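Numbering (this note's numbering), first residue to last: 1219 to 1677.
All residues carry an ideal CB built from backbone N, CA and C; glycine is no exception.
Predicted model, so just to flag it, every value in this text is computed and none were measured.
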Amino acid sequence: MLSPIDGRQLTTLATASAGDVDRACASARAAFEDGRWSRLAPSARKVVLHRLADLVEKHAVDLAVLGVRDNGTEISMALKAEPGSAAQTFRYYAEALDKVYGEIAPTAANVLALVHREPVGVVGAIVPWNFPLMIGAWKIAPALAMGNSVVLKPAETASLTLLRLAELALEAGLPPGVFNVVTGPGCVTGEALALSPEVDVLVFTGSGATGRRLLQYSAQSNLKRCYLELGGKSPNIVFADAPDLSAAAKAAATAIFRNAGQVCVAGSRLLVEASVQAEFVSVLAETTQKMTVGNPLSLTTQIGAINSLPQLEGNLSFVTDAKNEGGTLVAGGARTLTETGGWYMEPTIVTGVQPDHRLFREEVFGPILAVTPFATEAEALRLANATDFGLAAGVWTANLSRAHRMIRGIRAGVVHVNTYGGADVTVPLAGTKQSGNGADKSLHALDKYCDLKTAWIQL
Ligand code: NAD
């Protein structure tokens, strides 16, 4: 496995074969059936999840550095977004798990109908490389909280923090067999997990192309439920009446360029009112040119590495296509820091991007911003929704009524107003359209990890 920081060999990882995956699933199933975790009192499960949060916090710096070395996220961001939010997520679901009640239904007087919430059994989880610990915790914590067993496959280019998490889980007192990690490529290890008849529910974060395959694997195997958190092409919409255009321009740069654009909710399409476009793009380009691209382990780096060479090459192909389709490059556009041996790209801004251009339609998952002007609120809304995706959006305006109209009109899981990218574990992240289904985070996520069972009792 190569490090994106310098392109050198970092470590080697085992490829779990289909047989290995079967063994992991059998171990998860056995643990579930004998009740070592699934039938433990909720108060006891809660203690273990809190201890795991404590251990993640205790080892936060080590975990952040380990993750940066294999995925390339800038360390300043990784510290907060990876161990920081993973610990918060384990605490949140530890606290939630003994506050989830069943129901008594309002039936006729001669019947008592109870609705039990039961763990689903074995949860398969497949996660991407951009924030493995955070996204992994979004799946693992609510799944374990409800009493399930888990088999998780991390991305082949970002497995180390999740392997370490499995060690910490044992140290926290999670019984062996309840949480299993299998490493390897998607087409071997991931496919075997998605096809396994032992997996009751599959939770996934990654690309739409893989999401489609997982639905096929489900259909070919046991019709396991699949919850997919997929990509985005999120509009960041700036009206001329934004409270502070200069602040909005700086925020627009962060919205796309943090973690080198490798953020599912990145504000990758800037829709800007034509009357302020020139002024806005000028501040944006100036801000972008001052951003430091560099070694992600340096505290002063604002834009870290691209996760892999194929990903970097894919990003550059978007720049070539954008120019060929008539876009104008106003910042960046090239690979940089080649002397390091690592994979770095300049933050890139392309103006004049039209709705039929590739850069408008397809997710790059890299540091490239597409800029498109609009004349009216109706046009802004039309452009915002002119995409197959529906993950996130931003709206900058001082007009409260317009802000609410846009929130209602935009089809996305989250709409930010006069900011971009705020989130925490208390609110759901849920895609619409081809950005996915189901929700990560918040109490709503618990529904994915429970079956409802009715007991109908004649009195
Ligand atoms: P990817 O789909 O290539 O890989 C994701 C995971 O799926 C990896 O673990 C990979 O090994 C596995 N995989 C690949 N092929 C597989 C197969 N045939 N069977 C089973 N598993 C397989 O995605 P990526 O490049 O790692 O991640 C980037 C994508 O993730 C982007 O589209 C991004 O927007 C999305 N993402 C979404 C969210 C969200 O919350 N909606 C968050 C982060 C990233």
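Assigned exposure category for C1444 - 16 Cβ within 10 Å defines buried: The sequence position of residue 1444 within the sequence shown is 226, counting from 1. Under this definition C1444 is a buried residue.
Identified DSSP bridge partners for M1563: Indexing the sequence shown from 1 puts residue 1563 at position 345. Partner(s): R1553.
Where P1178 falls, given that 16 or more other Cβ within 10 Å makes a residue buried: Beyond the ends of the chain as shown, which are 1219 and 1677, falls residue 1178; an answer cannot be given.
Check: A1373 C-beta below 8 Å from any heavy atom of the ligand NAD: The sequence position of residue 1373 within the sequence shown is 155, counting from 1. A1373: yes, Cβ under 8 Å from the ligand NAD.
Reduced DSSP category for N1328 - H, G, I as helix; E, B as strand; rest coil: Indexing the sequence shown from 1 puts residue 1328 at position 110. The answer is coil: DSSP assigns N1328 none of H, G, I, E or B.
Boundaries of the alpha helix (DSSP H) in which C1243 is found, first to last residue: As a working mapping, residue 1243 is identified with position 25 in the sequence shown. In this chain, the alpha helix (DSSP H) harbouring C1243 covers 1236–1251.
Contact belief for P1301 with V1274 at Cβ below 8 Å, rounded distance in angstroms: What you label residue 1301 is simply residue 83 of the sequence shown in a count that begins at 1. What you label residue 1274 is simply residue 56 of the sequence shown in a count that begins at 1. Going by Cβ atoms, the distance from P1301 to V1274 rounds to 5 Å, so yes, they are a contact pair.
Chain-order list of residues whose beta-carbon lies under 6 Å from that of G1551 (same chain, five-residue window excluded): The residue given as residue 1551 occupies position 333 in the sequence shown. Counting only Cβ-Cβ distances below 6 Å, and skipping sequence neighbours, we find V1537, T1566.
Every unbroken beta strand (DSSP E) within the stretch 1337–1422, with a cutoff of 3 residues, ordered by chain: Here the runs fully enclosed are 1340–1344, 1367–1371, 1397–1399.
Residues sharing a beta bridge with H1334, DSSP: Counted from its first residue, the sequence shown places residue 1334 at position 116. Paired residue(s): K1671.
Element boundaries [beta strand (DSSP E), containing L1611]: As a first step, residue 1611 is located in the sequence shown; it is residue number 393 there, counting from the start. Here residue 1611 turns out to be Ala, not Leu, going by the sequence shown. It spans 1610–1614 - the beta strand (DSSP E) in which A1611 sits, taken as one unbroken run.
Segment contact flag, the stretch 1652–1659 with the stretch 1498–1512, C-beta cutoff 8 Å, min 3 pairs: They do not touch, by the three-pair rule.
Rounded C-alpha distance that separates S1526 from N1348: Here residue 1526 corresponds to residue number 308 of the sequence shown, with the count starting at 1. Here residue 1348 corresponds to residue number 130 of the sequence shown, with the count starting at 1. The straight-line gap from Cα to Cα measures roughly 11 Å.
Where the beta strand (DSSP E) through A1540 begins and ends: Looking up residue 1540 in the sequence shown gives position 322. Here A1540 belongs to no beta strand (DSSP E); instead the alpha helix (DSSP H) covers 1527–1542.
Where the beta strand (DSSP E) through H1277 begins and ends: Locating residue 1277 in the sequence shown gives position 59, where the first residue counts as 1. Looking at the DSSP string, H1277 is not in any beta strand (DSSP E), and its letter there is neither H nor E.
C1444 - partner residues in DSSP beta bridges: Counting from one through the sequence shown, the residue named residue 1444 turns up at place 226. Paired residue(s): L1420.
I1322 in three-state terms, based on DSSP: Within the sequence shown, the letter at position 104 stands for residue 1322. Looking at I1322 - three-state DSSP - the assignment turns out to be strand.
Own chain residues within Cβ distance below 8 Å of G1544, not counting five before or after: Taking the sequence shown and counting its residues from 1, the one referred to as residue 1544 is at position 326. Correct list, in chain order: G1570, Q1572, H1575.
Distance cut-off 8 Å: C1444 Cβ against heavy atoms of the ligand NAD: Here residue 1444 refers to the residue found at position 226 when the sequence shown is read from its first residue. No, the ligand NAD has no heavy atom inside 8 Å of this Cβ.
Best match in Y1319, A1596, G1339 for proximity to L1332 [C-alpha to C-alpha]: Stepping through the sequence shown from its first residue, residue 1332 is reached at position 114. The residue with the shortest Cα to Cα distance from L1332 is Y1319.
Reduced DSSP secondary structure (H/G/I, E/B, other) of F1592: In the sequence shown, the residue the question calls residue 1592 occupies position 374. DSSP places F1592 in strand when its eight states are reduced to three.
Complete alpha helix (DSSP H) runs within the stretch 1606–1658 (minimum length 4 residues, chain order): Taken in chain order, the whole alpha helix (DSSP H) runs of length 4 or more contained in the stretch 1606–1658 are 1618–1627.
Helix, strand or coil at T1506 according to DSSP, with G and I counted as helix: Along the sequence shown, one-based indexing puts residue 1506 at 288. Helix at T1506.
Sheet register partners of V1490 (DSSP bridge): For this step, residue 1490 is matched to residue 272 along the sequence shown. Beta-bridge partners assigned by DSSP to V1490: V1456, P1591.
Chain C contact for S1414 (CB, 9 Å cutoff): The displayed structure is made up of one protein chain only, and chain C is not part of it.
Cβ-heavy atom distance, E1580 to the ligand NAD, below 8 Å: Sequence index remark: in the sequence shown, residue 1580 carries index 362 (1-based). It does not: the Cβ of E1580 is nowhere closer than 8 Å to a heavy atom of the ligand NAD.
Touching by the beta-carbon criterion (3+ pairs, under 8 Å), the stretch 1275–1286 and the stretch 1423–1434: Three or more beta-carbon pairs separated by less than 8 Å are not found between the stretch 1275–1286 and the stretch 1423–1434, which leaves the two stretches without contact.
C-alpha distance - R1620 paired with L1392, whole-angstrom precision: The sequence position of residue 1620 within the sequence shown is 402, counting from 1. The sequence position of residue 1392 within the sequence shown is 174, counting from 1. Distance between the alpha carbons of R1620 and L1392: 50 Å.
Extent of the continuous alpha helix (DSSP H) run through E1313: As a working note, residue 1313 is residue 95 in the sequence shown. 1303–1314 is the extent of the alpha helix (DSSP H) around E1313.
The ligand NAP heavy atom lying under 8 Å from the CB of C1482: This structure lacks the ligand NAP; its bound ligands are the ligand NAD.
Cβ-heavy atom distance, P1222 to the ligand NAD, below 8 Å: Counting from one through the sequence shown, the residue named residue 1222 turns up at place 4. At a cut-off of 8 Å, the beta-carbon of P1222 does not count as near the ligand NAD: no heavy atom of the ligand is closer than that.
Span separating the alpha-carbon of Y1478 from that of L1378: As a working note, residue 1478 is residue 260 in the sequence shown. As a working note, residue 1378 is residue 160 in the sequence shown. Before going further, note that residue 1478 is Ala rather than Tyr in the sequence given. C-alpha separation (whole angstroms): 20 Å.
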